Amino acid sequence: MTPTKIIIDTDPGVDDALAFLLALASPEIKLEALTSVHGNIGIEKTTRNALAVLELANASHIPVARGCSLPLVSALNTTGDVVHGSSGIGNSKLPEPKSQPIEQHAIDYLIERILAEPNQISVFPIGPLTNVALAIRKEPRIVQALKELVIMGGSIKQGGNASPLAEFNIFADPQAAHIVFHSGIPITLIPLDVTHKCLLTSEDVEKLNKISSPIARFVRDATEVYMDFYRQHEIFDGCALHDPLTLATIIAPELFTFEEHYVDVDISTGISTGNTFADLMKISKKPANMKVAMDVRGRDFINLFLERMETLSRSISE
Ligand code: BDR
Ligand code: CA
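If you're matching positions, the sequence shown starts at 31 in the numbering used here and goes up one per residue.
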């Protein structure tokens, strides 16, 4: 089996950090790099967190390229700390990373890597789409060269989590999402409709912590604040593994039900800005522009995530 080469474009973020750990624990995946973006917290902290989590997992050889600090048009969203804590990674106290981001800007790094290996690299944007949109605008040839985008974002049949109508990653830069959705790049969308079915519970985390490991402890410390948020707002005892679920498209695609749809995003400045909507009844006759995950076997994904975290925890014990 040749592992799939991926670059994760990310705003860590508790669930972003768990996505890196899942990628590193999965032989089906070769994590080539992380590119950071504003989002759950400011760019300084998202970049620092990316480096710190890689060091935690003994993976500081993986490059981190720092990306955009601001969305294209809308104001910077600064609400993420309520969900992810003021550090961006909950109550975890990771040491200051020894490694530095590479010199190159994330946009240039993405362009260079994608053009160097046509149809070999998949990009997984799990934060606002600013870096990806600007990479498309700066070098349109990446549209043909990129294998695919697997995007965590949007909400198709549900409401939102950043506004009543919009999901956070899209709400944080709707114009960027508009550029990406209309780019012609093959897209798989992992919206709230499926991520809200993938709930990691405090019992799961306690069980994982029977293994004495900095990884298991990180999963516990990072998710505490995140779980509190969900208890208060969404009334479930656990937290949604939004970003890690994108990787199941490689590791366990059989868990999903996919449909091809035309999906667009509201970029007006009204109440539904950032709302993603699918033409489910094919009324517009516009061709589908993405594959959308409409359903998932959520508990099976959580069990898979826990198995991989157990293996990683055993390999990096105290
Ligand atoms: C998305 O928003 C962020 O808070 C999470 O990291 C995830 O990428 C879920 O709406
Ligand atoms: Ca994220």
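All C-beta atoms, glycine included, are put in the ideal place defined by N, C-alpha and C. Just so it is clear, the structure is predicted and the values come from calculations on it, not from any experiment.
Problem - Contact test: M31 Cβ vs ligand 1 heavy atom, cutoff 7 Å - result: No, ligand 1 has no heavy atom inside 7 Å of this Cβ.
Problem - Beta carbon of A252 nearer than 8 Å to that of V44 - result: Yes, these two residues count as a Cβ contact at 8 Å.
Problem - Any 3 or more C-beta pairs closer than 8 Å across the stretch 199-207 and the stretch 228-237 - result: They do not touch, by the three-pair rule.
Exercise for the section: Could you tell me if the beta carbon of G69 falls within a distance shorter than 7 Å of some heavy atom in ligand 2? Expected result: Result yes, Cβ under 7 Å from ligand 2.
Handout entry: DSSP bridge partner residues for T225 (one or two, in chain order)
Key = Per DSSP, none; premise fails for T225.
Handout entry: Three-way DSSP call (helix, strand, coil) for P274 in this model
Key = Judged by DSSP in its simplified three-state form, P274 adopts helix.
Practice task
Please report the residue range of the beta strand (DSSP E) in which E178 lies.
Solution key: Counting along the chain, E178 sits inside the beta strand (DSSP E) bounded by residues E178 to M182.
Practice task
Say yes only if the C-beta of T40 is nearer than 7 Å to one or more non-hydrogen atoms of ligand 2, and no if none qualify.
Solution key: At least one heavy atom of ligand 2 is nearer than 7 Å to the Cβ of T40, so yes.
Handout entry: With 16 other Cβ atoms within 10 Å as the buried cut-off, status of E165
Key = The sequence as given places Ala at residue 165; Glu does not occur at that position. The residue is buried, with at least 16 neighbouring Cβ atoms inside 10 Å.
Handout entry: Within the stretch 251-316, ranges of the beta strand (DSSP E) (whole runs, at least 3 residues)
Key = Secondary structure within the stretch 251-316: the beta strand (DSSP E) runs of 3 or more consecutive residues, fully enclosed, are 286-291, 293-295 and 306-308 (chain order).
Problem - With 16 other Cβ atoms within 10 Å as the buried cut-off, status of N333 - result: The residue is exposed, with fewer than 16 neighbouring Cβ atoms inside 10 Å.
Problem - Delimiting residues of the alpha helix (DSSP H) encompassing M320 - result: Per DSSP, M320 belongs to no alpha helix (DSSP H); it is in the beta strand (DSSP E), M320 to V326.
Problem - Any non-hydrogen atom of ligand 1 within 7 Å of E197 CB - result: Answer for E197: yes, Cβ within range of ligand 1.
Practice task
May I ask whether a heavy atom of ligand 2 can be found less than 7 Å away from the beta carbon of G118?
Solution key: No - ligand 2 has no heavy atom lying nearer than 7 Å to the Cβ of G118.
Problem - Three-way DSSP call (helix, strand, coil) for A192 in this model - result: Three-state DSSP puts A192 in coil, outside helix and strand.
Exercise for the section: List the DSSP bridge partners of L230. Expected result: According to DSSP, which records beta bridges pairwise, L230 is partnered with C269.
Exercise for the section: Using three-state DSSP, classify V210 as helix, strand or coil. Expected result: Helix.
Exercise for the section: Taking only heavy atoms of ligand 2 into account, decide whether any of them is closer than 7 Å to the Cβ of G157. Expected result: Answer for G157: yes, Cβ within range of ligand 2.
Exercise for the section: With T40 as the anchor, note down where its beta strand (DSSP E) starts and where it stops. Expected result: T40 -> beta strand (DSSP E) spans T34 to T40.
Exercise for the section: Could you tell me if the beta carbon of N191 falls within a distance shorter than 7 Å of some heavy atom in ligand 1? Expected result: Look at N191: its beta carbon is less than 7 Å from one of the heavy atoms in ligand 1.
Exercise for the section: Evaluate the contact criterion for the stretch 145-161 versus the stretch 118-133: three or more CB pairs, one atom per stretch, below 8 Å. Expected result: Using a Cβ-Cβ distance cut-off of 8 Å, the stretch 145-161 and the stretch 118-133 are not in contact, since fewer than three pairs of beta carbons, one from each stretch, lie closer than that value.
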